[in-house]
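Participant:
There are 2 protein chains.
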Amino acid sequence: MIESLRQYVAHHISISENEMEEFCNLFHKKTIKKKTFLLREGEVCEFEGFVAKGLFRVYHIDQNGFEQILYFAIENWWITDIDSFTNGKPSQLFIEALEDSEVLLISKKDKEFAYAKLPLIEKLFRVMTQKTHVALQRRMIDNLSKAADQRYLDFIEKYPNHYKRLTNLQIAAYLGISHEFVSKIRRKIASRK
Amino acid sequence: MIESLRQYVAHHISISENEMEEFCNLFHKKTIKKKTFLLREGEVCEFEGFVAKGLFRVYHIDQNGFEQILYFAIENWWITDIDSFTNGKPSQLFIEALEDSEVLLISKKDKEFAYAKLPLIEKLFRVMTQKTHVALQRRMIDNLSKAADQRYLDFIEKYPNHYKRLTNLQIAAYLGISHEFVSKIRRKIASRK
DNA sequence: TTCATTTATTGAACTTGTTCAATGTTTTTG
DNA sequence: CAAAAACATTGAACAAGTTCAATAAATGAA
């Protein structure tokens with residue numbers, strides 16, 4: 744399963760086999776069962792994780808008990824609470840496996856070691872963070888401008904692989920609408936075909 | 744006006760006077776009049792800018808001609824289109840001065856030069872990008888969970904200095920609601936005091 | 001200062017999305 | 001396999017936010 748991480752790294756930067764080995768050795772494998780948590784609100788996030796297998800949701804629960812899903816992470820995605828991880832603050836987020844999953848975790852200390860020893864790793868994470876940020880900007884704009892049915896269509900078009908593995912409830916919490924309304928959108932879409 | 748950039752840098756990292764000088768010399772001053780553009784949709788964003796004075800809006804115009812404001816930048820904020828700047832793509836954004844403003848611009852080449860020569864500068868931008876990202880995550884969650892009136896209240900509480908310098912129309916485009924509804928929210932708030 | 005332009009307010013009718021409750025369907029688990 | 005639990009669908013009543021149009025207020029430029 745470390746193989747998928749190697750491929751991810753090789754796809755983004757060119758480093759020697761030795762460096763690759765050294766970097767990948769900083770990660771620890773963790774197997775995590777469906778419906779269990781990698782992180783809960785209040786805990787300090789001590790890891791950055793690469794999803795080798797499975798599906799996670801990263802979400803927040805507001806004062807009224809509603810969930811907002813920040814993102815879903817499948818194979819080759821990274822999961823962490825950046826704010827908690829980098830600043831050592833208690834997290835406001837939950838990270839939960841939605842399927843039996845496997846994840847490769849790196850600690851803060853080891854990540855800093857990697858930055859210091861392997862400058863290209865700094866580049867790897869910088870590029871990744873940037874991409875994530877651009878995607879979130881795009882999502883913000885779409886949320887500000889598009890109606891729920893369009894956002895639903897965009898979601899299933901943009902993430903066809905996620906979509907099949909998610910329930911209406913989860914998609915609703917990502918789109919910021921009620922799951923009943925997701926049902927109604929589906930019906931409407933089906934009827935106009 | 745370079746003084747405000749020096750202060751910003753000094754506040755985030757510890758570098759020598761020589762390094763500070765070298766870094767700050769990579770920036771070019773630009774004075775920009777109210778209602779003029781630093782970037783328009785379709786152009787490639789060739790700069791990263793530090794606002795020394797004034798106020799900018801960074802926004803997108805959708806297919807229906809509606810504006811979505813990604814953020815407002817006042818003194819000590821940075822402005823750029825990361826996606827366009829880092830990937831050399833045509834921008835989907837507009838950056839417009841809402842007041843007569845002064846901005847310090849650095850080119851991509853000079854920024855890379857700084858990264859190569861002054862490792863702490865890499866840290867500076869990494870921390871900044873991270874903060875920006877965390878703030879956007881927070882905003883995303885709030886947009887998913889909170890009603891417009893609460894978002895309006897949060898906005899004026901969080902950005903009291905922006906608020907005074909903005910019109911209802913601009914705040915509406917940031918919150919993703921109509922400006923008429925901003926009026927109605929204001930009336931409601933005023934009446935319950 | 002004055003006139004033109006932009007911005008803000010208001011109301012009425014409308015659209016989008018929510019809530020609640022009931023029912024049916026699928027998935028999990030012992 | 002059967003029972004329980006989780007998930008999905010539907011409708012009716014409601015709430016949140018939009019749209020359009022009219023008017024008032026503020027700002028800016030000559």
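Just so you know, the protein sequences line up as chains A and B, in that order. For any residue, its number in this note's numbering is found by taking its place in the first sequence, counting from 1, and adding 743. For any residue, its number in this note's numbering is found by taking its place in the second sequence, counting from 1, and adding 743. All residues carry an ideal CB built from backbone N, CA and C; glycine is no exception.
Return the CA-CA distance between ASN685/B and LEU879/A, expressed in angstroms with no decimal places.
Facilitator: Not covered by the structure: residue 685/B. The range shown for chain B is 744 to 936.
Participant: Between which two residues does the beta strand (DSSP E) carrying THR872/B extend?
Facilitator: THR872/B -> not in any beta strand (DSSP E); alpha helix (DSSP H) instead, spanning 862 to 888.
Participant: By the 7 Å beta-carbon criterion, what residues does the stretch 916 to 934 of chain B contribute toward chain A?
Facilitator: So the close ones are GLY919.
Participant: Please name the residue, chosen from GLY785/A, ALA916/A, MET871/A, that lies closest to ASP885/B on a Cα-to-Cα basis.
Facilitator: Here the closest residue by C-alpha is ALA916/A.
Participant: Please look up how many angstroms separate the CB atoms of VAL801/A and ILE775/A, rounded, as I've assumed it's under 8 Å.
Facilitator: Actually they do not touch by this definition, with Cβ atoms about 14 Å apart.
Participant: May I ask you to report which of helix, strand or coil DSSP gives SER747/B?
Facilitator: Of the three classes helix, strand and coil, the one that applies to SER747/B here is helix, per DSSP.
Participant: Could you check the C-alpha separation between LYS851/A and VAL787/B for me, to the nearest Å?
Facilitator: Each residue's Cα considered, the two are about 36 Å apart.
Participant: Going along the stretch 762 to 789 of chain B in order, which residues come within less than 8 Å of chain A, judged by CB to CB distance?
Facilitator: Residues: none.
Participant: Beta-carbon separation of ASN857/A and PHE766/A under 8 Å?
Facilitator: A small fix is needed here, since residue 857/A is Ala in this sequence, not Asn. Cβ atoms of ALA857/A and PHE766/A: closer than 8 Å.
Participant: From the DSSP output, in three-state form, read off SER926/B for me.
Facilitator: SER926/B falls in the helix class under three-state DSSP.
Participant: For GLN811/B, go through chain A and note every residue whose CB falls closer than 7 Å to its CB, in chain order.
Facilitator: Per Cβ cutoff of 7 Å: ILE884, LEU887, SER888.
Participant: Check for me: the beta strand (DSSP E) holding GLN811/B runs from which residue to which?
Facilitator: 810 to 816 is the extent of the beta strand (DSSP E) around GLN811/B.
Participant: Could you tell me the alpha carbon to alpha carbon distance between LEU781/A and LEU781/B, rounded to whole angstroms?
Facilitator: If you take the alpha carbons of LEU781/A and LEU781/B, they lie about 44 Å apart.
Participant: What are the partner residues of ILE920/A, as DSSP defines its beta bridges?
Facilitator: Partner(s): none; ILE920/A has no beta bridge.
Participant: Quick one, which of LEU912/B, PRO862/B, GLY808/B, HIS876/B has its alpha-carbon nearest SER827/A's?
Facilitator: Ranking the options by Cα distance to SER827/A, first place goes to HIS876/B.
Participant: Any contact of the stretch 815 to 833 of chain B with the stretch 899 to 916 of chain A, i.e. 3+ C-beta pairs under 8 Å?
Facilitator: These segments do not touch.
Participant: DSSP three-state call for THR774/B: helix, strand or coil?
Facilitator: Looking at THR774/B - three-state DSSP - the assignment turns out to be strand.
Participant: Hey, how far is the Cα of MET763/B from the Cα of VAL925/B?
Facilitator: The alpha-carbon atoms of MET763/B and VAL925/B are separated by roughly 44 Å.
Participant: Tell me whether the stretch 832 to 847 of chain B and the stretch 790 to 798 of chain B touch, counting them as touching only if at least three CB pairs, one residue from each stretch, are closer than 8 Å.
Facilitator: Touching, per the Cβ criterion.
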